[in-house]
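Colleague: Dumping the structure here so I can ask a few things about it.
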Amino acid sequence: MTYMECINMKEKFTYIVVLGTTLLFGHFLLTANCYVYASDVPSIAFSSKRNENYDIYMMDINGKNLQQLTDDLANETYPTFSPDGQRMAYVSSREDNDDIYVMNLKTKVSHQLTNHPEDDFNPAWSPDGRWIAFVSDRGGTLDIYKIEPSGANLQQLTDADEKNNTPAWSPDSQFIAYRSFKDPAGIYIMDADGGNPSRLNNQPNQAYTPAWSPDGKQIAFSGVLFGNYDICILNIDGTDLRQITRHLNGEASPVWAPDGHTIIFMSWWERTADIYRTNINGIIGNRRRLTRHPEIDMGPTWVPTGALSVSPTVNTQTTLWGRLKQSVGDEIN
Numbered sequence: 001m002t003y004m005e006c007i008n009m010k011e012k013f014t015y016i017v018v019l020g021t022t023l024l025f026g027h028f029l030l031t032a033n034c035y036v037y038a039s040d041v042p043s044i045a046f047s048s049k050r051n052e053n054y055d056i057y058m059m060d061i062n063g064k065n066l067q068q069l070t071d072d073l074a075n076e077t078y079p080t081f082s083p084d085g086q087r088m089a090y091v092s093s094r095e096d097n098d099d100i101y102v103m104n105l106k107t108k109v110s111h112q113l114t115n116h117p118e119d120d121f122n123p124a125w126s127p128d129g130r131w132i133a134f135v136s137d138r139g140g141t142l143d144i145y146k147i148e149p150s151g152a153n154l155q156q157l158t159d160a161d162e163k164n165n166t167p168a169w170s171p172d173s174q175f176i177a178y179r180s181f182k183d184p185a186g187i188y189i190m191d192a193d194g195g196n197p198s199r200l201n202n203q204p205n206q207a208y209t210p211a212w213s214p215d216g217k218q219i220a221f222s223g224v225l226f227g228n229y230d231i232c233i234l235n236i237d238g239t240d241l242r243q244i245t246r247h248l249n250g251e252a253s254p255v256w257a258p259d260g261h262t263i264i265f266m267s268w269w270e271r272t273a274d275i276y277r278t279n280i281n282g283i284i285g286n287r288r289r290l291t292r293h294p295e296i297d298m299g300p301t302w303v304p305t306g307a308l309s310v311s312p313t314v315n316t317q318t319t320l321w322g323r324l325k326q327s328v329g330d331e332i333n
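Residues in the sequence shown are numbered consecutively from 1, following our numbering.
Pasting the structure below:
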């Protein structure tokens, strides 16, 4: 079901489209600004090398409506979205090294967020929208930093002789999980200001790419329990370690769906990297393939569906712009 609402200074009306039938409520306006609520089909974004270099693509979770979001001769990877779904941070090598850019998804215009001769990558937008965490080797080793989306207030969060990478925000934006290579190596959790780092208990010796569950109670990661990299889940208190995928070729980069029951991830299931999904409560190894391409598809992430808009109609009257919230549930079966 799709909702469309049109507003001007005096009147408002709402269309509800159900199975191709349009119902009109309220007063008709000859001219207006219209907003389209997000579809009830969730979307994902990912990086793909299907056109010689890496670009960022978006598609519905059912595999339909594939869209290319970046189109540059440089490699563009690691998409992460603002909570309102209006902007996307990503990594581009267009200046001969990796820097972070932010794209306005409505205008498709990007601005450069970081500019350093060393590489900046692995951006992660905080759920409260205030910060973008990222990894940089500007200090001589890989460390985690954060910066405001405007480019102001750069802060270094880790400072160690061993590298730290793959930052992941907690749902309340108060903590960051990350992979550290210091002894003992593994997944650590620190305060959002870099304080109080502590290693997650009872994880396997090889654990990478952490991702928080929507309720903040679990961490998913790629880890080795039985000889191969698979997707695992562990409670924040270190209890109930579970393996939810199993394959000889390796699986990585888990990301939770908003429903808290589904995880998307990258897998070499058929000897090429594609994006898959699985239910955390299902049979181990049960999966659904989302992309199918001979080149690499990697780095999946969910696209927020809380507030989407379309451009104003031509010759509109003075309007009130507002943000419309998702009216259709995001649950994935």
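For every residue, glycine included, the Cβ atom is placed at its ideal position computed from N, Cα and C.
CB-CB under 6 Å to residue 97, same chain, minus the five flanking residues each way: which ones, in chain order?
Modeller: 119
Colleague: My output table needs one value for residue 146: the three-state DSSP class, helix, strand or coil.
Modeller: strand
Colleague: What would DSSP say about residue 251, mapped onto helix, strand or coil?
Modeller: strand
Colleague: Using 10 angstroms around the beta-carbon of residue 95, count the other beta-carbons present and answer buried if the total reaches 16, otherwise exposed.
Modeller: Flag for residue 95 reads exposed.
Colleague: Quick one: Cα of residue 298 to Cα of residue 195, how far?
Modeller: 31 Å
Colleague: Ordered along the chain, which non-local residues of its own chain (more than five positions away) have a Cβ less than 6 Å from that of residue 131?
Modeller: 146
Colleague: Among residues of its own chain, excluding the 5 on either side of residue 170, which ones have a beta-carbon nearer than 6 Å to its beta-carbon?
Modeller: 212 and 216
Colleague: Are residue 144 and residue 133 close, meaning C-beta to C-beta below 8 Å?
Modeller: By the CB criterion at 8 Å, residue 144 and residue 133 fall inside the cutoff.
Colleague: Rounding to the nearest angstrom, what Cα-Cα distance links residue 137 and residue 158 in this structure?
Modeller: 11 Å
Colleague: Would the beta-carbon of residue 123 fall within 8 Å of that of residue 54?
Modeller: Taking C-beta atoms as the reference points, residue 123 and residue 54 fail to come closer than 8 Å.
Colleague: If you drop the 5 nearest sequence neighbours on each side, which residues of the same chain put their C-beta closer than 7 Å to that of residue 112?
Modeller: 99 and 101
Colleague: Can you give me the C-alpha to C-alpha distance between residue 181 and residue 228, rounded to a whole angstrom?
Modeller: 19 Å
Colleague: Rounded to whole angstroms, what's the CA-CA distance from residue 67 to residue 221? Just pull it up for me.
Modeller: 28 Å
Colleague: When burial is assigned at 16 or more other CB atoms within 10 Å of the CB, is residue 239 buried or exposed?
Modeller: That one is exposed.
Colleague: State the Cα-Cα distance for the pair residue 42 and residue 81, rounded to the nearest angstrom.
Modeller: 14 Å
Colleague: Which one or two residues does DSSP pair with residue 336 in a beta bridge?
Modeller: Beyond the ends of the chain as shown, which are 1 and 333, falls residue 336; an answer cannot be given.
Colleague: With 16 other CB atoms within 10 Å as the buried threshold, where does residue 223 fall?
Modeller: buried
Colleague: In this structure, how does DSSP classify residue 257 when only helix, strand and coil are distinguished?
Modeller: coil
Colleague: Applying the 10 Å Cβ sphere with the 16-neighbour rule, what's the burial state of residue 38?
Modeller: Any reading at residue 38 must be qualified, since the residue scores a pLDDT of 48, below 50, and its modelled position is unreliable; the value itself is stated next. Classification for residue 38: buried.
Colleague: Shortest alpha-carbon distance to residue 260 belongs to which of 183, 190, 233 and 125?
Modeller: The alpha carbon of residue 260 has as its nearest neighbour, out of 183, 190, 233 and 125, the alpha carbon of 233.
Colleague: In whole angstroms, what is the alpha-carbon distance linking residue 237 and residue 200?
Modeller: 8 Å
Colleague: When the Cα atoms are used, what is the spatial distance from residue 317 to residue 107?
Modeller: At residue 317 the pLDDT is 37, less than 50, meaning the model places this residue with poor confidence; the figure from the coordinates comes in the next sentence. Cα to Cα, the separation comes out at about 21 Å.
Colleague: Whose CA, out of 255, 57, 243 and 117, lies closest to the CA of residue 167?
Modeller: 255
Colleague: Apply the 10 Å Cβ neighbour rule to residue 290 and answer buried if 16 or more other Cβ atoms are within range, or exposed otherwise.
Modeller: Classification of residue 290: buried, given that the 10 Å Cβ count is 16 or more.
Colleague: Please give me, in chain order, every unbroken run of the beta strand (DSSP E) with length at least 3 that falls completely inside the region 189-243.
Modeller: 207-212, 218-224 and 229-235
Colleague: In terms of residues, what are the limits of the beta strand (DSSP E) holding residue 47?
Modeller: 43-51
Colleague: With the cut-off set at 8 Å, would you say residue 284 and residue 244 are in Cβ contact?
Modeller: In this structure, the beta-carbon distance from residue 284 to residue 244 falls below 8 Å.
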